[in-house]
Structures are given as C-alpha cells and as structure tokens.
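Peer 1: Pasting in a structure now, in structure tokens, and then I'll have a few things to ask.
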Amino acid sequence: MDQFVAELRKIPPITRFLCGSSLAVTIPVLMGLVAPYKILFVRELVMKKFQVWRLWSSFFLGSGGINYIFELVMLYRMTDQLESGPYLDRSADLAWQLLFACGSIIVATIPFKTYIFFRPLLVCLAYLSSALAPPGAQTSLMGLVSLPIKYFPYVMIGMDLLMAGPEAAAQSVAGAVVGHAWWWSVWGAALGSQGVLSNAAQAPQWLRYLVGEGRAPRPPPNAGGVAAGLAAGGVQVIPPRRPATSTSGGGHQWGQGHRLGS
Numbered sequence: 001m002d003q004f005v006a007e008l009r010k011i012p013p014i015t016r017f018l019c020g021s022s023l024a025v026t027i028p029v030l031m032g033l034v035a036p037y038k039i040l041f042v043r044e045l046v047m048k049k050f051q052v053w054r055l056w057s058s059f060f061l062g063s064g065g066i067n068y069i070f071e072l073v074m075l076y077r078m079t080d081q082l083e084s085g086p087y088l089d090r091s092a093d094l095a096w097q098l099l100f101a102c103g104s105i106i107v108a109t110i111p112f113k114t115y116i117f118f119r120p121l122l123v124c125l126a127y128l129s130s131a132l133a134p135p136g137a138q139t140s141l142m143g144l145v146s147l148p149i150k151y152f153p154y155v156m157i158g159m160d161l162l163m164a165g166p167e168a169a170a171q172s173v174a175g176a177v178v179g180h181a182w183w184w185s186v187w188g189a190a191l192g193s194q195g196v197l198s199n200a201a202q203a204p205q206w207l208r209y210l211v212g213e214g215r216a217p218r219p220p221p222n223a224g225g226v227a228a229g230l231a232a233g234g235v236q237v238i239p240p241r242r243p244a245t246s247t248s249g250g251g252h253q254w255g256q257g258h259r260l261g262s
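Numbered per UniProt numbering, the sequence shown spans residues 1 to 262.
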C-alpha cells in the first residue's frame, strides 16, 4: 500500500487532481451509485440553488465502456506532458490558468446548452499541448496511423463529427478555440515572444501554497523555449467517439454533451 501511495505521489499534483476527479465522478455514475443528473451542469440549479459542485463535476464525467479508458489515458498523458514540460515547477500556474480555461469553456458552449464539458476540456488541453510541442513531433491515431501532433486536436474534432454528430463537434470546436486563446494570450503566437496575459496568468501566492509551491514564481519560458519540455517521441491515442444514438429508451451517453432528453 505504501508503495502504491508513493507511486501516486510521483504524479504531478494537477495531473493527479484531474485524473482523480474524473475517476471520482465517472465511476460512481457508471456503477449506478449516483444519478447523472446530480452532477451535470444545469445553470439554473447552480445560480439559483447554489449547487456549485456541478461547476466541478460537469468537467469530469467521461464516456462509458472502453471509450472512457482511452479518455482517461489521454487526459493523463496531455496534462502530465504539460506539467512535466512547459509548466515544470509551475503547477500552480497551470491550475490558475485551467480555472480561467474552464470558465471560458462554459461561456463558449452556452449556445449549445452543454451539460458535460469533459470533451471540450480534452480538446482544449490537446490544442495547448500540440501548440507547445517541438516542431516535427508525431502522435498516433488509435495506434495505427502516425500524424503531426499539430493536427491532433483537429482530428479529435473530426472524430466527434463522424461518431457523435455536429453538436458534439461544435462543442469540441469551442474547446479548441479556448485552447488557442490560452496559447496565444499566455505563451504568445510567435517564437521568442510571450502572450499579452503572461504576467496576469501567474498564480496568486495562496494557490502556490495550496499545491506545495510556497516560493517565488518561476519565470514562464517563452514560446520558443518550451519545445525541449515536451518529448518529441510521445504518443497519444485518440479514443473512438461513441456514435450518437437516441436516449429515449432511458439510457444516457456519458461525456458527449447532448441535451437532456434528446
């Protein structure tokens, strides 16, 4: 048991929190211990009845079956690559920027009346990690086809379009837009530059203490200096998206963000 805990502690704190949150939300729903309606994002319940936990839980409800295993692995790999690379020793900054990214995803998906934000979050992280990857880095499509990592988020959107329909793809596009805004505003679009919000994107001191970084913030590297932080040989596997089907029979499609009752 001690060895297992020691291995868990080796995982960077934000990666550990995101993956742990996903397991804590998804597994009880899949096992029937918690009704999915209790954790979906419903704006009226958040604003009027102060069910604020939905702001957290709605970002971590994954798909069911084998799809969820792929999604969890992808969440781990992308977050770990960021936290062990460009955000090395800056986990608090990653957490701070993630808060704003999640808020932006909620705003960006308002037109779609989205109840689950897990997929837009994955695409957002995929866009940022792809933008910060070294030139020429490759990834794989389901372990079968290699392609430049810069195309990875667009392939995810295309898979969502084919497997779950235009609405799911539109939600993923919103995640990509937020990811692009994150990369541009914090890291800068040109090599050797910094984003216009790079200073404001540094975490406050209380958050640094919360994640165990009770010291002065490490200066963020510019966009041209992060390539060495991401391994060029890293491989990510795109999970197949479950095809869109009617839920009139009483079933639900976890993580696809369809309107309730569709």
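All C-beta atoms in this analysis are idealised placements derived from N, C-alpha and C, irrespective of residue type, glycine included. Keep in mind the model is a prediction, meaning the values are calculated, not measured.
#1: Mind checking which residues open and close the alpha helix (DSSP H) that includes residue 22?
#2: Return the first residue and the last residue of the beta strand (DSSP E) that residue 139 is part of.
#3: Terminal residues of the continuous alpha helix (DSSP H) containing residue 153?
#4: Can you give the beta carbon distance from residue 25 to residue 14, rounded, assuming they're within the 8 Å contact cut?
#5: Among residues of its own chain, excluding the 5 on either side of residue 34, which ones have a beta-carbon nearer than 8 Å to its beta-carbon?
#6: DSSP state of residue 145, grouped into three classes?
#7: Looking only at C-alpha atoms, which of 74, 163, 48 sits nearest to residue 125?
#8: Rounding to the nearest angstrom, what Cα-Cα distance links residue 178 and residue 150 in this structure?
#9: Count the other CB atoms within 10 Å of the CB of residue 53; is the residue buried (16 or more) or exposed (fewer)?
#10: Alpha carbons only, please: which of 199, 114, 104, 196 is nearest the one belonging to residue 169?
#11: For residue 121 and residue 1, what's the separation of their Cα atoms in angstroms?
#12: For residue 206, count neighbouring C-beta atoms within 10 Å of its own C-beta (all shown protein chains included) and say buried if the count is 16 or more, exposed if not.
#13: Using 8 Å as the threshold, is the region 66 to 84 in touch with the region 3 to 14, meaning 3 or more CB pairs across them?
#14: How many Å lie between residue 116 and residue 167 at the Cα?
#15: Rounded C-beta distance between residue 203 and residue 95? I'm assuming under 8 Å.
#16: Using the beta-carbon count (16 or more within 10 Å), is residue 57 buried or exposed?
#17: Under 7 Å Cβ to Cβ from residue 196, same chain only, skipping five residues before and after it: list those, please.
#18: Answer yes or no: do residue 268 and residue 144 have a C-beta to C-beta separation smaller than 8 Å?
#19: Which stretch, first to last residue, makes up the alpha helix (DSSP H) that contains residue 61?
#20: Could you tell me if residue 119 is buried or exposed, where buried requires 16 or more neighbouring beta carbons within 10 angstroms of its beta carbon?
#21: Measure the C-alpha to C-alpha separation of residue 175 and residue 123 and round it to an integer number of angstroms.
Peer 2: Reading off the structure:
#1: 13 to 30
#2: For residue 139, the enclosing beta strand (DSSP E) starts and ends at 138 to 141.
#3: 152 to 164
#4: Between residue 14 and residue 25 the Cβ distance is about 17 Å, and since that is not below 8 Å, they are no contact.
#5: 28
#6: strand
#7: Among 74, 163, 48, the Cα nearest to that of residue 125 is on 74.
#8: 16 Å
#9: exposed
#10: Of the candidates 199, 114, 104, 196, 114 places its Cα closest to the Cα of residue 169.
#11: 32 Å
#12: exposed
#13: yes
#14: C-alpha of residue 116 to C-alpha of residue 167: approximately 12 Å in a straight line.
#15: 7 Å
#16: buried
#17: Within the same chain, residue 196 has close Cβ partners 185.
#18: The question about residue 268 has no answer, for the chain in this structure spans 1 to 262.
#19: It is not in any alpha helix (DSSP H) - residue 61 carries neither H nor E in the DSSP assignment.
#20: buried
#21: CA-to-CA, the gap between residue 175 and residue 123 works out to about 5 Å.
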